[in-house]
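Novice:
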Amino acid sequence: MKLRAARRALRGASDRAPSLCGRAGRSWLTLAVVLSVALGCAPAALVETGQPSAPTAGQATGDLPLPAEVVGDLEPREGLFTLYPDPLGGALWLELPSPDPDGVMAEVLFAESLATGLGSNPVGLDRGQVGDSRILRLRRVGSRVLFELPNLRFRARSDDAAERTAVEESFAPAVLWATEIAALDAEGRSLIDLAPFLVTDLHNTRRVLAWSGQGSFRLDAQRSTVNFDHCFAFPDNLELQALVTWVTDDIEPGSEVAATSARADALSLVQHVSWIRLPDDDYRPRRADPRIGMLSTGYANYAAALDAPIRERLVYRHRLEKIDPSAASSPVREPIVYYIDRGAPEPVRSALLDGARWWAEAFEAAGFEDAFRVELLPEGVHPLDARYHVVEWVHRATRGWSYGGFIADPRTGEIVKGHVNLGSLRVRQDRLLFEGLVGTDGTGSGRQDDPIELALARIRQLSAHEIGHTLGIAHNFAASTYDRGSVMDYPVPRVGLDAEGRIDLSDVYGVGLGAWDIATVAWAYGEPAAGEDEEDYLERTLRASLDDGLVFLSDADARPADAADPRASLWDDGPDAVDELARLLRVREVALDDFAENRIAVGQPLAHLQEVLVPVYLMHRYQLKAAGKTLGGVELAHAVRGDSQAPVLPISAERQRRALEVMLDALAPERLDLPDDVLALLAPRPFGEGRNRELFASATGQSFDLLGAATTAAGLVLDELLQPARLERLAERGRRDPSTPSPDQVMGRVVDRTVGLEIERPRLEPIARRVERLVTQRLVAITADPSLDGTLRASAWTSLDRVRERLRARDAAGDRWLLDELDRFAARPWDGPPALAVPAPAPPGSPIGADLALIDAHASCGAAGHAVR
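In terms of my numbering, the sequence shown has 277 at position 137, counting the first letter as 1, and numbering is strictly consecutive.
#1: Arginine 876 to arginine 451, Cα distance in whole Å?
#2: Rounded to whole angstroms, what's the CA-CA distance from proline 790 to histidine 778? Just pull it up for me.
#3: Tell me which residues share the same chain as valine 648 and place their Cβ nearer than 6 Å to its Cβ, disregarding the 5 neighbours each side in the sequence.
#4: So, for glutamate 252: in the same chain, excluding its five sequence neighbours on each side, which residues have a beta-carbon less than 6 Å away from its beta-carbon?
#5: Let me make sure I understand the geometry here. Which of Arg568, Val410 and Gly520 has the alpha-carbon closest to that of proline 487?
#6: Determine the contact status of leucine 454 and glycine 612, defining contact as a CB-CB distance below 8 Å.
#7: Is proline 430 helix, strand or coil when you go by DSSP?
#8: Below 6 Å CB to CB, which residues in the same chain sit around glutamate 961 once its five sequence neighbours on both sides are set aside?
#9: List the residues that DSSP assigns as beta-bridge partners of arginine 453.
#10: Closer than 6 Å by C-beta to glycine 394: which residues in its own chain qualify, once you throw out the five before and the five after it? Chain order, please.
#11: Once the 5 residues before and after tyrosine 471 are set aside, which same chain residues still bring their CB inside 7 Å of it?
#12: Which residue's Cα is closest to the Cα of proline 205: Thr851, Trp711 and Ser283?
#13: If you compare alpha carbons, which of Gly576, Ala722 and Gly666 is closest to serine 466?
#14: Since arginine 946 is in the alpha helix (DSSP H), which residue starts that stretch and which ends it?
#15: Compute the Euclidean distance between the alpha carbons of phenylalanine 844 and threonine 538, then round it to the nearest angstrom.
#16: When DSSP labels each residue in this structure, what does leucine 732 get in the three-state scheme?
#17: Tell me which same chain residues have a C-beta within less than 8 Å of the C-beta of valine 578, skipping the five on either side of it?
#18: How would you label proline 979, buried or exposed, when you count the other beta carbons within 10 angstroms and need 16 or more for buried?
#19: Where does the unbroken beta strand (DSSP E) through arginine 513 begin, and where does it stop?
#20: Which two residues bound the contiguous alpha helix (DSSP H) that contains threonine 660?
#21: Which of the three DSSP states, helix, strand or coil, is assigned to glutamine 863?
#22: Specify, as a first and last residue, the run of the beta strand (DSSP E) that glutamate 575 falls within.
#23: What are the partner residues of isoleucine 416, as DSSP defines its beta bridges?
#24: Does the separation of the CB atoms of glutamate 751 and leucine 565 fall below 8 Å?
#25: Which residues bound the alpha helix (DSSP H) around glutamate 801?
#26: So who's on the other strand from leucine 562, going by DSSP bridges?
#27: Keeping to the same chain, check which residues put their C-beta closer than 6 Å to that of arginine 147; ignore five residues upstream and five downstream.
#28: Mind checking threonine 851: buried by the 16 CB within 10 Å criterion, or exposed?
#29: Excluding the five sequence neighbours on either side, which residues of its own chain have a C-beta within less than 7 Å of the C-beta of leucine 814, listed in chain order?
#30: Residues in the same chain with beta-carbon distance under 7 Å from alanine 194, minus the five sequence neighbours each way, listed in chain order, please.
#31: So does proline 974 have its beta carbon nearer than 7 Å to some heavy atom of the ligand PLP?
#32: Spell out the partners DSSP gives glutamine 411 in its beta bridges.
#33: Express the C-alpha separation of arginine 909 and aspartate 955 in angstroms, rounding to a whole number.
#34: For the structure I just gave you, are there three or more beta carbon pairs, one from the segment 821–829 and one from the segment 915–932, closer than 8 Å?
#35: For tryptophan 233, which residues does DSSP report across the bridge?
#36: Tell me lysine 91's beta-bridge partners as DSSP assigns them.
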């Protein structure tokens, strides 16, 4: 039976009776974890060996007992395979069929995940975190069963067995685990104890803890056990769980474990394992195209023709079949049904349902009737059950990313289970931003200025976004430049000013899918008309999207610090990044002028206004990034030969110069200042509460450090204006187009607008001095960086000379130390640059903090079936 049909047949109440959410088994199993088995086909470090409960490892195969003698009167759980749980004996017996001539007993789709989490966003071991999807081959060798992972990164898609064998034998597979056969019958059916397998480190937890700086943890077999109440066999899948405990002898374990686990030196997680029947051959894979935003899996096909590329990529997508394939629009054989976790509270739950249902429009437009549905997860169903696509509600100690992942067949890209992890604190952070903009007076009113309603509008977007990833769709960070073209962009709230110049939130978020979403579903899931070739259909659909201006640019185009296309940005808005920055600076000024006590609820400590202030004070931080890409920027296209797209179009010199001036406006001391009535409200931390990462750093003790906040904000501007690779691009462009602003001109203009200024208002003088010293520090860093081009470093020296000239012209006593240091550096640069202070890092912004390097370590976009948000 196909897994999708099993889902439909098994969703009744009778099937849900053996709940995967039952209480954990009470038996504690003492496990012996032995050394790795040295096998020629896999590194020994990848092999773990489970010892059987009976008989002993040295017993000859011919002397093995029959399976019935081992399991006795244990109650079987029949399904994809038959299980015999033995809680008292600590064994989970698995019955395997007789092997084929190559010793292969079974092949399944294998995925591991975490049923429970650590609750730490920086570490990332989250409830419901799904790991990689792999093919698991169970192969008998003598008296042993090997759990093998075939190497699917290198293949030969050929009918020639010898050709396939040549590739298989050229690249190493891996043996994940091995165990002795405990019982064997005359037909070759065997019995093994699966319990030791379930309490191995299948999720790479030890490495994640080490990568995230939490110390050296080891698995404690004494405190680990199979959760026998959570082990179920269904016709097309096994769902298995074990409690796994990690301990450390470190004197000072990691702070995140200490903050979130019941003990700093031990943590217990429930590890979930799904074995799923391999999909049949009726699914038709679809090749990836760089011009469309679909996540994909890649491999090298050594059977490719000599005139064809050896690298092939297949998109990830669900199977969707029309009842009438010849019809332009038809009902489907099996709809895609997503389920919302009952753990999400109202009104969030309803918002998640609403946003998820937006995708139905795209499937209808692609010709699939009633093909996408969203329901509440039935009572008693575990979110990790492979028969259900689930949006799971996840709690952490601090706000962080949500992400959409899936279990998919790595051979074809067919998605078997979509799974979303939604962080619960995100909605509260969004509410905080709106409270900072309009206050709390409207909270709970349902009006346009109700921060809760505004935050729920964002949750609808987030629900649609993460489900989009589980449909196989990538980020499109260019979509915000063509009228909210996709929910797969990161949407910044659109904050405007009304006719009276007051904050206007009437159009804060869009509703429904964008044009790019509908076009992408049509390409990924749509079928050609009767008589039309599939490749012709795909090209026609894609060209229509391009002709409509639906630009696709994703993570690699947007996230790097030296990214070059201003359209590819996170949390930006509008068709022109610079115009939007200028507009947003005006909105920010109004929001800060209006900032008042009502930005927090009655009864809350006034100190909490500092948390609310941060996202308002830095509300332009992401638009700055978009505008900064205009300098030395280009408009990119993922063009292919013959499609007539221009792959690289330089940004005009006029646009670049405008970007420079608008960004320098953000460094003006009056923009970095705060009104006295606002500063008077920023009380010190209340009793019982320390400082946290959501606050600006402070060098002034309990008082709010305005100069520190201003320096941090100024640093965000200079990060973009003086980004080294961006300056190098300007120099390269200038060789071919003299109208392009040169690095000399950019750095010179920065100096002219920030250094040696005569400040009329004395209160702004200290801010201006902080900015000019920060500019000096950045220029010194460029001159002292040996990895940069010598011409660029020379330009920075020229700008430093201008700094010295302007400081001498001002002839202020406070400048003399800096002048002396710069003179020394100019005369003897080999003695090293002056020690100039750098600004404290800004409080976390995305998602509107998380360490992306850690996220990538265990939930990287696409490669492992995950996309973060």
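Glycine included, every Cβ here is placed at the ideal spot set by N, Cα and C.
Small disclaimer: the values here were computed from a predicted structure and weren't measured.
Specialist: Let me spell this out:
#1: Rounded to the nearest angstrom, the gap between the Cα atoms of arginine 876 and arginine 451 is 35 Å.
#2: Looking at the two C-alpha atoms, the distance is approximately 15 Å.
#3: Result list for valine 648: Leu594, Pro633 and Arg634, in chain order.
#4: Result list for glutamate 252: Gly271, Leu342, His343 and Val413, in chain order.
#5: Out of Arg568, Val410 and Gly520, Arg568 has the C-alpha closest to the C-alpha of proline 487.
#6: No, the Cβ-Cβ distance between leucine 454 and glycine 612 is not below 8 Å.
#7: When DSSP states are grouped into helix, strand and coil, proline 430 belongs to the coil group.
#8: Closer than 6 Å at the Cβ level, and outside the excluded window around glutamate 961, lie Pro974.
#9: Answer by DSSP bridge pairing, in chain order: Gly438.
#10: Apart from sequence neighbours up to five positions away, the residues of its chain that approach glycine 394 with a beta-carbon distance below 6 Å are Gly353, Gln354 and Gly355, ordered along the chain.
#11: It is worth fixing the name first, because residue 471 is proline in this sequence and not tyrosine. Excluding residues within five positions, the ones whose Cβ falls inside 7 Å are Ile463, Glu509 and Asp510.
#12: Shortest Cα-Cα distance from proline 205 to any of Thr851, Trp711 and Ser283 involves Ser283.
#13: When only C-alpha atoms are compared, the closest one is Gly666.
#14: Its alpha helix (DSSP H) spans residues 930–950.
#15: Roughly 23 Å between the two C-alpha positions.
#16: The three-state secondary structure of leucine 732, taken from DSSP, is helix.
#17: Residues Asp589, Pro591, Ile643 and Leu645 of the same chain have their beta carbon placed closer than 8 Å to that of valine 578, with the five preceding and five following residues left out of the count.
#18: Under a 10 Å Cβ-count criterion, proline 979 is classified as buried, with 16 or more other Cβ atoms of the shown protein chains found around its own Cβ.
#19: First-last of the beta strand (DSSP E) with arginine 513: 512–516.
#20: Run containing threonine 660: 655–665, per the alpha helix (DSSP H) assignment.
#21: Glutamine 863: coil per DSSP, three-state reduction.
#22: No beta strand (DSSP E) holds glutamate 575; the alpha helix (DSSP H) holding it covers 566–578.
#23: For isoleucine 416, which the question treats as bridged, DSSP gives the partners Leu249 and Asn377.
#24: Against a cut-off of 8 Å, the Cβ pair of leucine 565 and glutamate 751 comes out as no contact.
#25: The continuous alpha helix (DSSP H) containing glutamate 801 extends over residues 793–805.
#26: According to DSSP, which records beta bridges pairwise, leucine 562 is partnered with Trp533.
#27: A caution first: arginine 147 carries a pLDDT of 41, below 50, which makes its placement in the model unreliable, though a value can still be read off. These residues qualify, in order along the chain: Arg527.
#28: Flag for threonine 851 reads buried.
#29: Excluding residues up to 5 positions away in sequence, Leu732 and Leu846 lie with their Cβ nearer than 7 Å to the Cβ of leucine 814 in the same chain.
#30: Its pLDDT being 42, under 50, alanine 194 is placed unreliably in this model, and the value from its coordinates should be taken loosely. Contacts found: Val210 and Ala322.
#31: With respect to the ligand PLP, the structure offers nothing, as it holds no ligand at all.
#32: When beta bridges are read from the DSSP output, glutamine 411 appears opposite Leu254 and Ala382.
#33: When rounded, the distance between both Cα atoms is 9 Å.
#34: No contact exists between the segment 821–829 and the segment 915–932.
#35: Per DSSP, Tyr224 and Asp333.
#36: The displayed coordinates of the chain run from 141 to 1009. Any statement about residue 91 would go beyond what the structure contains.
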